[in-house]
Amino acid sequence: MPYIETRDGTELYVKEWGDGRPVILIHGWPLSADSWDPVALALAESGFRAISYDRRGFGRSDQPFDGYDYDTLSDDLADVMDAMEADEDASLVGFSMGGGEVARYMSRHQGKGVVSTALVGSIVPFMLKTGDNPDGLPREQFDEMIDGIMQDKPAFFATFFKQFFGVGMLSSPVSQEVLDWAWGIANQSGLKPAVACVDAFGETDFRGDLSSFGVPTLVIHGTGDAIVPVQIARNAAANIAGAQLIEYDGAPHGLFVPERDRLIDDLLTFLGATHAGAPTTGAFQQV
Numbered sequence: 001m002p003y004i005e006t007r008d009g010t011e012l013y014v015k016e017w018g019d020g021r022p023v024i025l026i027h028g029w030p031l032s033a034d035s036w037d038p039v040a041l042a043l044a045e046s047g048f049r050a051i052s053y054d055r056r057g058f059g060r061s062d063q064p065f066d067g068y069d070y071d072t073l074s075d076d077l078a079d080v081m082d083a084m085e086a087d088e089d090a091s092l093v094g095f096s097m098g099g100g101e102v103a104r105y106m107s108r109h110q111g112k113g114v115v116s117t118a119l120v121g122s123i124v125p126f127m128l129k130t131g132d133n134p135d136g137l138p139r140e141q142f143d144e145m146i147d148g149i150m151q152d153k154p155a156f157f158a159t160f161f162k163q164f165f166g167v168g169m170l171s172s173p174v175s176q177e178v179l180d181w182a183w184g185i186a187n188q189s190g191l192k193p194a195v196a197c198v199d200a201f202g203e204t205d206f207r208g209d210l211s212s213f214g215v216p217t218l219v220i221h222g223t224g225d226a227i228v229p230v231q232i233a234r235n236a237a238a239n240i241a242g243a244q245l246i247e248y249d250g251a252p253h254g255l256f257v258p259e260r261d262r263l264i265d266d267l268l269t270f271l272g273a274t275h276a277g278a279p280t281t282g283a284f285q286q287v
């Protein structure tokens, strides 16, 4: 079943590897399900059923003009879970923008069928700097992203991914081939979806969704993240009951490449400890 149809008729590309308890992997902006491949493979080889999908507007999925708000995106997640019969004893893992789908699903869909969640480099709870959210980023930064995409999308993504993966003047935690791979995936996105999703992850306030988690939750974030400040993750962990926080010292936003093995180990440990909703006490220490 490479494609499923959502409630508004949008077709989403879905990948399913392995058997066992379902783990749904939600990718970040502006990538696709392929960014989860090493994690999905490790999950499948460890007895889980790894399900990942391309968000509407990205990768191999349809590119409708509308539907890039988080209510619709969380409905898409619910539709993927339903179509794949993965809405029982499931875990949700969201990277970056994908953390928003996790949070909104937990509130809008009452966390149906979910026994644990993980937020990796996530934009939850709130990215926009406001009077009551001093840890966010100014609106001007999101406007600059949109202007860059509108003026020269390929050039914008070429620069963006250097920051995304922590590439500096003298060192790089990833190869040029990884940068080229990410650039290629990003340019599969539609112009409207790419821009609309900047508004969505930049302005959506998930603080009201946090009380709906109600399941064991793991928060992972790099302290060297130049896209989503680590304080965002600290705020999420502080306001999700019982959440466990792991900080990767110096890791960039795209930590799933340079910190791949550690990420896989931490997720497998967490998912194993929360099998069928088992308690996680003592599994991790908050840092």
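Under full-length UniProt numbering, the letters of the sequence shown match residues 1 to 287, in that order.
A virtual CB, placed ideally from N, CA and C, is assigned to each residue, including glycine.
When DSSP states are grouped into helix, strand and coil, Gly136 belongs to the coil group.
Taking 9 Å as the cut-off, the beta carbon of His221 is found closer than this to the beta carbon of Ala233. Judged by pairs of C-beta atoms under 8 Å, the stretch 64–77 does not touch the stretch 34–46, as fewer than three such pairs exist.
Put simply, the backbone Cα of Leu267 is about 16 Å away from that of Gly254. Excluding five sequence positions before and after Ala33, the CB atoms of its chain that fall closer than 6 Å to its own CB belong to Lys15, His27, Ser52, Tyr53, Asp54, given in chain order.
Pro134 counts as exposed, since fewer than 16 other C-beta atoms from the protein chains shown sit within 10 angstroms of its C-beta. Residue pairing from DSSP places Ala118 in a beta bridge opposite Val93, Leu218. For Val178, the CB contacts under 8 Å within the same chain, skipping 5 residues up- and downstream, are Phe165, Val257 in chain order. Under a 10 Å Cβ-count criterion, Asn235 is classified as buried, with 16 or more other Cβ atoms of the shown protein chains found around its own Cβ.
Ala194 sits buried, since 16 or more C-beta atoms from the chains shown fall within 10 Å of its C-beta. Pairing Thr117 with Arg56 gives a Cβ-Cβ distance that is not under 9 Å.
Ranking Arg21, Asp19, Trp29, Leu25 by CA distance to the CA of Ala200 puts Trp29 first.
Leu31 has its alpha-carbon roughly 6 Å from the corresponding atom of Ile185.
If you look at Ile185, you'll find it in the alpha helix (DSSP H) that goes 176–186.
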